[in-house]
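Single-structure report; data block below.
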């Protein structure tokens, strides 16, 4: 009863709408007058498309709504006056729309505007009708010839060709006079795009290579000096004339000239070689082929899959009311149709679309202006085989192709497509937004406006299946794999049964996984949208993607010949490769030495294989037999033997045995297993993060003082701080400018690296802060950022004497016979210190004290230390420094100043200060064990990472060019030896070896202060361990210079209270003026918490001179 009521309800609704017959007025020229033997009667070829389209409309939605479409035929005989008369006659018959006219359209379109009747032209190309103020009811499915101007401009702008010469045919012949109209439109487009036209010339009549004088010789002679880019609007055989003229003048040999052809005719894809010869030429002139290397042409795109449409039109043109005959039907021939046939077919279907929308929105179907408004800005599938956009003027946008020279295996030389021009494309060519499934990635929308062309889809938090397979931290058991495979199969079944029919590029990267571990397939159904996308420059990535493609698809050279079933079978093969990768997790072809391109070659050529090349099944150790069998069937070489996805689902059903029916129960079980290793994974990742943070902090403390860096890290503003009194050191190298002029930049960099490495290793032993180096200038301060009473004066003074002594023995690597002369100035006074800038912040000093210290240096003498009265007063209070008065010196900006020379320091007080300095540093104990082993995971929190400190602040100031982590531990050697659990006597040498070796090896061989520093440390270590020394034999070292080389005539050795330890002196090959100590110990068992270098001989650095620094 309910069904009966529903039927009655539907019938009443349909009866409530008045059934109407909408009549089209078809204006065509399919006949000749009796005295006319020249008219070509285009309607004779195309009229079958009208009958076909009307029949399709009457079988569709319009008929289901109770309406009908009919048409009247108005014959024009190719006469414009008759066309105007027929337009008026059809109005009398109360037609609802005009389809046509055949040739001209301006007057007919004005009449349609006056009658307020929609007119859809399939033939007219006049540009004037695009003006909707004068032609408000006119639309057309044939793109006007002026549409090609957009493609021309886009090519020129892509190559940045903004100055061109434009040539076109300006013929008086009727069939060619439209060229001038197109030329005018192109020139207007150039002006709007900012393209300058150097020359705009024309020729009068069509040019044929075989029997006419070439008009382009004169045009080239007039223009070649002022242009490089030629644009020619004409037929393809006229383009040959321009290329011949340029080639004759040898203008194309160096690639300095280029020709862009513009041909409004459709591209002939069946005969690409015709574009290389004249209209009446039978054979190709190979001498002109070279000129085509500097040429490409813009032509209207060829129709796609046109043959089936041609057969239908031939069938319907023989039906009433036209009843046209086919003279070649007896021999199986058909009448070849022209593009206007498709435009006529499109016009009828566009009217149907407009009519349905009008009926739905209660628009008057006889109101031409409102009917036209329903067609603006829409996309429709043309019978030409591609999507077409109708712009705001009611003009169908053209579809154009860029063709250029190529030599292809079968067809040989010819002009082949290299690019396509498409207007505004519809976001999706398939109903993507209507496709909804739990295992398909939802399509949201697309942006089609350049340059931001993109597709918007649903976000999947866990990335792609490829990401999961490559993540070794994720363990995929049978339950997880079964769930993933089931999702893929369900998605593919739905996809194959939908209007999309196939996927086409199934791979792990196109299988996204959301936060609930549900697979969602993506990258399907957008083939038309992505048709002209740029190829990926990553060749390896492209080849890897082809590994999932079926062999028959790899071999296919004509993709348009493939049907849906072929592509569905290809999806099955792709699924087999994905399933194999899921089982093995070693890529689509497992563990193999073959590259992707070699694999593809073996797949494409199965005839050279004993059996088709496929992934090796022997690598799947723990895989069920039914999975192996399914893989073999799915990647079968014969596509017909491959099962569909419903059969695959049945074959893989045992995978889900033992699994819970509820997906959430499976998810919870999976998450429980996943959580078992989560804590350890978090600990490991946190430990790695902590290590990286410490590295970052250490680098930051190299640049800024610790307390300044900490404030910046917390986001606080670093306030400038005043210091009542500090001592500043300035030095520079005498003659550095001349040395730079005589040396290469690399030599200067190496020289400064060696010098400042030496300086940096020296100042580490004093309570000073290195401010900066600028070229050869070196600036150091003491008394900030950590205040030290008046000790800053002695720290700078002692450091200056040490540096001066070191510089006297410094060897320049690329100029070993030159002696380096240092000029030093020091001064004491108040300064203000703070951080300057946001980008690369610097800790800088400000105040007159800085300027005065700089003047002390600049007015000094080589190898002298000049200090001010203020510094002298502080040194006198501290005592132990020897100064002599230099006298009154005039300083720029400072007037006359009394200065002094610092010439030395009392050895006893110097030793006392060194011990006090060492005791302060040794108060900051360093855990040697932690310094020797890497940081453990978070589960072992008892080990604390070593923090390296500086004398004047907490920030570590390591050497900038060498490794000196252990150098900072100089004065903490006692605590180091005591902190190791193993108290054996050999441990002392191990500490010495581990904490010093890398630093001394990485230091510059030109740096004597580093060598002496180590000698002092070795001697002090021996003194502190005197109880363990059994027999100390000290021999005085004597240096003998012979031919710029050193011979160590007497040895110096230390015998420890262990038979396994011997410290001996040997010459240093890379530093001939000094010797080198070697500490020889035996290997021992290394404990788990130690990292000890196991070499038997550890190089040490020793100064045979024995002089104090």
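Residue numbers (mature numbering (1 follows the signal peptide of the UniProt record, and there is no 0)): -19 to -1, 1 to 1090.
From the three backbone atoms N, C-alpha and C, an ideal C-beta is built for every residue, glycine too.
Keep in mind it's a predicted model, so treat the numbers as computed, not measured.
Measure the beta-carbon distance from residue i to residue j and round it to whole angstroms, keeping in mind my assumption that it falls under 8 Å.
| i | j | result |
| --- | --- | --- |
| residue 10 | residue 71 | Going by Cβ atoms, the distance from residue 10 to residue 71 rounds to 15 Å, so no, they are not a contact pair. |
| residue 474 | residue 626 | 5 Å |
| residue 740 | residue 759 | 6 Å |
| residue 618 | residue 532 | 7 Å |
| residue 449 | residue 494 | 6 Å |
| residue 544 | residue 111 | The pair is not a contact, with the Cβ atoms about 40 Å apart (cut-off 8 Å). |
| residue 68 | residue 92 | 5 Å |
| residue 170 | residue 381 | That belief does not hold up - the Cβ atoms of residue 170 and residue 381 are roughly 14 Å apart, past 8 Å. |
| residue 191 | residue 262 | 6 Å |
| residue 236 | residue 275 | 7 Å |
| residue 569 | residue 584 | The Cβ separation is near 11 Å, so there is no contact. |
| residue 1114 | residue 212 | For residue 1114 there is no data in the structure shown, the boundaries of the chain being -19 and 1090. |
| residue 560 | residue 466 | 6 Å |
| residue 708 | residue 763 | 5 Å |
| residue 176 | residue 145 | 6 Å |
In this structure, what does DSSP give as the bridge partners for residue i?
| i | result |
| --- | --- |
| residue 49 | 2 |
| residue 102 | 121 |
| residue 394 | 388 |
| residue 754 | 759 |
| residue 823 | 817 |
| residue 83 | In DSSP, residue 83 forms no bridge with anything. |
| residue 505 | Answer is none; residue 505 lacks a bridge partner. |
| residue 184 | 150 |
| residue 200 | DSSP, once it has assigned bridges, lists no residue as partnering residue 200. |
| residue 804 | 713 and 845 |
| residue 377 | 371 |
| residue 9 | 56 |
| residue 78 | 5 and 99 |
With a threshold of 8 Å between beta carbons, is residue i in contact with chain D?
| i | result |
| --- | --- |
| residue 848 | Protein chain content of the structure displayed is limited to a single chain, and chain D is not contained in it. |
Where do the N-terminal and C-terminal ends of the beta strand (DSSP E) with residue i fall, by residue?
| i | result |
| --- | --- |
| residue 368 | 368 to 370 |
| residue 309 | Where residue 309 is concerned, there is no enclosing beta strand (DSSP E), given that its DSSP letter is neither H nor E. |
| residue 695 | From DSSP, residue 695 is part of no beta strand (DSSP E); its letter is neither H nor E. |
| residue 362 | 360 to 362 |
| residue 1109 | Coverage of the chain is limited to positions -19 through 1090, which leaves residue 1109 absent and any answer about it impossible. |
| residue 427 | 424 to 428 |
| residue 661 | Unbroken run through residue 661 is the alpha helix (DSSP H), 659 to 684; no beta strand (DSSP E). |
| residue 278 | 276 to 281 |
| residue 213 | 210 to 214 |
| residue 441 | No beta strand (DSSP E) contains residue 441, which DSSP labels as neither H nor E. |
Note the first and the last residue of the continuous alpha helix (DSSP H) segment covering residue i.
| i | result |
| --- | --- |
| residue 321 | 320 to 341 |
| residue 781 | 772 to 789 |
| residue 144 | Premise fails: residue 144 lies in the beta strand (DSSP E), 144 to 150, not in any alpha helix (DSSP H). |
| residue 455 | Segment: none, residue 455 is in no alpha helix (DSSP H) and carries neither H nor E. |
| residue 556 | 545 to 565 |
| residue 139 | 129 to 139 |
| residue 744 | 726 to 744 |
Going along the chain, which unbroken runs of the alpha helix (DSSP H) with 4 or more residues stay wholly within the segment 840 to 914? 850 to 859, 888 to 903 and 909 to 913
Mind the definition here: the segment 224 to 232 touches the segment 197 to 206 only if three or more C-beta pairs lie below 8 Å; say whether that holds. Enough Cβ pairs lie closer than 8 Å, so yes.
Touch test, the segment 278 to 295 against the segment 229 to 242, Cβ-Cβ under 8 Å, three pairs minimum: yes
With three or more C-beta pairs closer than 8 Å as the rule, is the segment 11 to 27 touching the segment 93 to 102? no
Is the segment 801 to 810 touching the segment 829 to 848 in the sense that three or more CB pairs, one from each, lie closer than 8 Å? yes
Take every Cβ of the segment 561 to 579, pair it with every Cβ of the segment 592 to 601, and state whether three or more of those distances are shorter than 8 Å. yes
Take every Cβ of the segment 107 to 125, pair it with every Cβ of the segment 352 to 363, and state whether three or more of those distances are shorter than 8 Å. yes
The segment 867 to 880 in contact with the segment 742 to 751 per 3-pair CB rule at 8 Å: no
Quick check: the segment 771 to 779 against the segment 843 to 860, are at least 3 beta-carbon pairs closer than 8 Å? yes
Given 8 Å as the limit, is there contact between the segment 285 to 293 and the segment 247 to 259, that is, 3 or more CB pairs closer than that? no
May I ask you to verify whether the segment 692 to 702 touches the segment 840 to 849, counting CB pairs closer than 8 Å and requiring at least 3? no
Taking one C-beta from the segment 791 to 800 and one from the segment 721 to 736 each time, how about it: are there three or more such pairs within less than 8 Å? yes
Answer yes if the segment 82 to 91 comes into contact with the segment 342 to 351, meaning at least three C-beta pairs across the two stretches below 8 Å, and no otherwise. no
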